[in-house]
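Report on one structure; see the data block that follows.
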Amino acid sequence: MVDYKTKDLVAQARAWAEMDPDPSTRAEATVLATRAEAGDRHAVEKITAAFGSRVAFGTSGLRARLGAGPARMNRVVVAQTSAALAHYLREAGASINGPSAIHQSRLSGDMPVVVIGYDARANSDTFARDTAEIMAGANVRAVLLPGPVPTPVLAFAVRELDADAGVMITASHNPVGDNGYKVYLGGIHRGAQIASPVDVEIARRIDALSAKTPVTDLPRGTVEFAATDILDAYVARTAALVPEPFFRPRVAYTALHGVGGETFRRVLRQAGYAIPIPVAEQDDPDGSFPTVAIPNPEEPGAMDRAFALAHQIGAELVLAHDPDADRLAVGVPVPNASGGAPTFRRLTGNEVGLALAWWACDRATRAGRTEGAVACSVVSTPALDTLGRAFGYSVVRTLPGFKWIARVPQLIFGFEEALGYLVNPETLHDKDGISAGLAILALVSDLHASGLTLLDKVTELTATHGNYVSTQLSMRTDAQRITETMATLRRSAPPAIGGVSVLRVDDYARSVNRLPAANLLAWHLADGSRVMLRPSGTEAKLKVYVDCVSPDALDRIDAEIRALFSAS
């Protein structure tokens with residue numbers, strides 16, 4: 001016998017299978033229902049995970065594992081989300097784009113316009129086509145970009161085409177088997193990712209629509225394909241960010257099986273930079289990510305093949321994009337004290353962010369700019385504060401996520417420690433690993449003329465603006481344990497960490513420094529170190545950010561934080 005809750009889930013799964021256009025997930029739902037109804041305990045657990053909740057429409061949209069059910073990414077969820085977004089654009093145009101009922105894109109007359117892009121992950125092309133057809137069926141002009149593209153190209157297209165919204169089908173750096181649905185807004189939002197309260201309004205419409213309308217009843221329309229010159233325009237605009245280089249370093253590069261490689265090479269070729277030497281087995285887009293456990297250059301081991309190539313070719317720099325190329329990792333050679341071959345290490349996101357902030361501020365100052373802002377997330381290095389002020393620019397700290405950073409007025413440069421950088425706010429309003437890669441090469445070229453390396457500059461900047469050493473820890477677990485851990489730590493912070501007293505606790509759930517409320521805790525220590533904790537917005541993991549005033553303090557605090565979580 002199965003209980004009432006399981007019977008309800010079985011009924012939901014069968015109803016789901018009847019409207020699912022995908023034979024794979026339709027079969028999955030049917031098999032789960034049959035086995036759960038027969039009392040298979042494993043099937044009951046799986047049907048509860050897939051049908052017992054709905055994937056939250058939150059951080060810029062959706063992100064989840066592929067599979068059947070409302071808690072997964074699939075064609076039903078994509079269709080429901082697209083219909084709800086179309087309804088929102090039709091009904092709430094004034095709140096999105098200002099006083100007019102619907103923002104007047106230069107692509108349309110009296111209907112909103114949505115630009116849709118997709119990467120090379122499993123089902124991305126199908127989800128993008130479904131999105132476009134459902135949008136078109138709901139009287140929204142749907143423009144599908146031609147072929148897989150990096151996320152920054154979609155963010156650029158929203159502004160370049162003056163669209164009302166954009167949708168990018170990607171799970172970015174998530175593990176294989178995940179996919180997502182990222183939403184951007186045009187008009188007064190200028191192509192930034194959605195933020196509250198828009199996400200809440202769209203989520204409400206998703207819930208209402210999915211409760212009463214089978215996806216088989218949703219009309220579908222004709223898809224329009226964007227001209228290939230939109231990619232040409234992105235390449236030209238990005239390449240124009242920097243002058244022709246004085247020095248062209250030898251670079252080892254990996255696309256981590258993503259879609260960034262070809263676009264990055266086009267940009268470099270047009271800007272006059274040498275083409276990097278790729279890790280051949282990771283250069284072609286492949287959504288199965290056969291050579292990496294997790295296609296995130298932050299993860300240990302993800303850049304091992306790029307570092308091995310760098311040793312082999314005598315590279316002066318290593319660059320890596322995540323699969324949708326909105327993030328950039330940078331590796332540098334570290335001289336061998338005994339005179340042998342150098343080792344390579346990945347610079348932290350904070351180190352790269354600080355170097356690019358200096359580059360952007362220096363360029364702005366030389367161009368005569370006297371007002372502007374540099375921005376980073378609250379979990380990024382405190383050293384940006386003194387660097388920005390040294391140039392006479394304001395420094396703004398936002399909640400994590402480029403949906404906040406990109407909205408900072410008069411932005412010169414923005415970054416977050418998770419390898420996201422915005423060096424070209426006049427071109428797009430999101431992190432962009434391709435333009436950031438070009439900016440790093442331009443910085444390396446300028447430094448070479450002064451006899452300096454990128455590592456030299458990073459060392460100088462950290463010494464000048466705050467010699468913070470930073471690390472990030474991630475506890476991968478389930479959502480319930482993350483919730484319980486945050487609740488426990490919110491009730492009772494440790495009195496000391498690594499032998500240093502905790503002087504102050506900032507709980508961002510009650511809002512700090514006039515920022516919107518967020519599930520984020522900050523522990524400020526007596527020696528000036530800082531520990532911050534928050535659930536990831538895109539994966540089931542708790543992220544811990546540690547910024548310390550010395551390597552010794554970092555070692556002690558890091559060890560105690562690890563012990564704290566291993567015991568919890």
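Position 373 (the sequence shown) corresponds to 373 in the numbering used here; numbering is contiguous.
The beta carbon of each residue, even a glycine, is placed where N, CA and C say it ideally should be.
Computed from a predicted model, the values in this text were never measured in an experiment.
Apply the 10 Å Cβ neighbour rule to residue i and answer buried if 16 or more other Cβ atoms are within range, or exposed otherwise.
i    : result
K46  : buried
A101 : With a pLDDT of only 33 at A101, under the threshold of 50, the placement of this residue in the model should not be trusted; the figure read from the coordinates follows. When all chains shown are included, A101 counts as exposed.
Y234 : buried
N513 : exposed
E371 : exposed
Q480 : exposed
P99  : No answer about P99 holds up, because its pLDDT of 34 lies below 50 and its placement is not dependable.
I116 : buried
E281 : exposed
I188 : exposed
R266 : buried
G388 : buried
D110 : exposed
R491 : exposed
A293 : exposed
G166 : buried
L32  : buried
A308 : exposed
In this structure, does DSSP put residue i in helix, strand or coil?
i    : result
E224 : strand
D507 : strand
H311 : helix
I47  : helix
I434 : helix
Y234 : helix
R490 : helix
N179 : strand
S536 : coil
Q472 : strand
L454 : helix
M73  : strand
V259 : coil
A239 : helix
Round the Cβ separation of residue i and residue j to the nearest angstrom and send it over; I've been treating them as touching at under 8 Å.
i    : j    : result
C361 : F402 : Not a contact, Cβ separation roughly 19 Å.
L430 : D326 : Looking at the sequence itself, residue 430 is Asp, so the reference to Leu does not match. Confirmed, Cβ separation roughly 7 Å.
V77  : L144 : Actually they do not touch by this definition, with Cβ atoms about 19 Å apart.
R205 : A84  : 4 Å
G67  : T25  : 6 Å
P245 : S501 : That pair is no contact at about 49 Å.
Y421 : L347 : At roughly 12 Å, the Cβ-Cβ gap does not stay under 8 Å, so Y421 and L347 are not in contact.
V183 : V259 : Rounded, the Cβ-Cβ distance is 19 Å, inconsistent with contact.
G221 : E91  : Rounded, the Cβ-Cβ distance is 18 Å, inconsistent with contact.
E417 : G349 : 4 Å
Between the C-alpha atoms of residue i and residue j, what's the straight-line distance to the nearest angstrom?
i    : j    : result
R363 : A439 : 11 Å
L428 : W404 : 14 Å
G261 : L441 : 16 Å
V113 : Y468 : 46 Å
N296 : G331 : 14 Å
A236 : L356 : 21 Å
G353 : H42  : 46 Å
T464 : W358 : 12 Å
S82  : H448 : 49 Å
S105 : D130 : The pLDDT assigned to S105 is 49, lower than 50, so where the model puts this residue is not dependable, and the model offers no usable value.
A49  : A27  : 17 Å
K5   : T30  : 17 Å
S529 : A436 : 29 Å
I557 : G69  : 41 Å
V379 : V531 : 9 Å
G52  : V423 : 42 Å
V549 : M73  : 42 Å
V395 : A36  : 55 Å
L525 : D555 : 15 Å
P175 : F344 : 25 Å
Taking CB distances under 9 Å as the criterion, tell me whether residue i reaches chain C.
i   : result
A13 : Going by chain labels, chain C is absent from the structure shown, which holds only one protein chain.
Q.
Check whether the region 262-277 and the region 471-486 are in contact - that is, three or more C-beta pairs closer than 8 Å.
A. Pairwise C-beta distances place the region 262-277 out of contact with the region 471-486, as fewer than three of them are shorter than 8 Å.
Q. Using 8 Å as the threshold, is the region 195-213 in touch with the region 284-292, meaning 3 or more CB pairs across them?
A. Too few Cβ pairs lie closer than 8 Å, so no.
Q.
I'd like to know if the region 412-419 and the region 452-459 are in contact, where contact means that at least 3 CB-CB pairs between them fall below 8 Å.
A. No, they do not touch.
Q. Would you call the region 110-130 and the region 175-185 in contact, with 3 or more CB pairs under 8 Å?
A. The region 110-130, when compared against the region 175-185, does touch it at the 8 Å Cβ threshold.
Q) Are there three or more Cβ pairs, one per stretch, closer than 8 Å when the region 459-466 is compared with the region 502-514? A) Here the region 459-466 does not lie against the region 502-514, with fewer than 3 beta-carbon pairs under 8 Å apart.
Q. Below 8 Å, can you find three or more Cβ-Cβ pairs linking the region 337-346 to the region 261-270?
A. No: fewer than three Cβ pairs fall under 8 Å.
Q. Are the region 530-547 and the region 475-494 in contact at 8 Å, needing three or more beta carbon pairs?
A. Contact between the region 530-547 and the region 475-494 is present, because at least three Cβ pairs lie under 8 Å.
Q | Given 8 Å, three or more beta-carbon pairs between the region 150-157 and the region 124-132 | A | Result no; under three Cβ-Cβ pairs closer than 8 Å.
Q: Tell me, please, whether the region 16-28 touches the region 214-221 by the rule of three or more beta-carbon pairs shorter than 8 Å.
A: In short, these stretches touch, since the Cβ pair count reaches three.
Q. On the three-pair Cβ rule with 8 Å, is the region 375-389 touching the region 311-321?
A. Fewer than three Cβ pairs drawn from the region 375-389 and the region 311-321 lie within less than 8 Å of each other, which leaves the two stretches out of contact.
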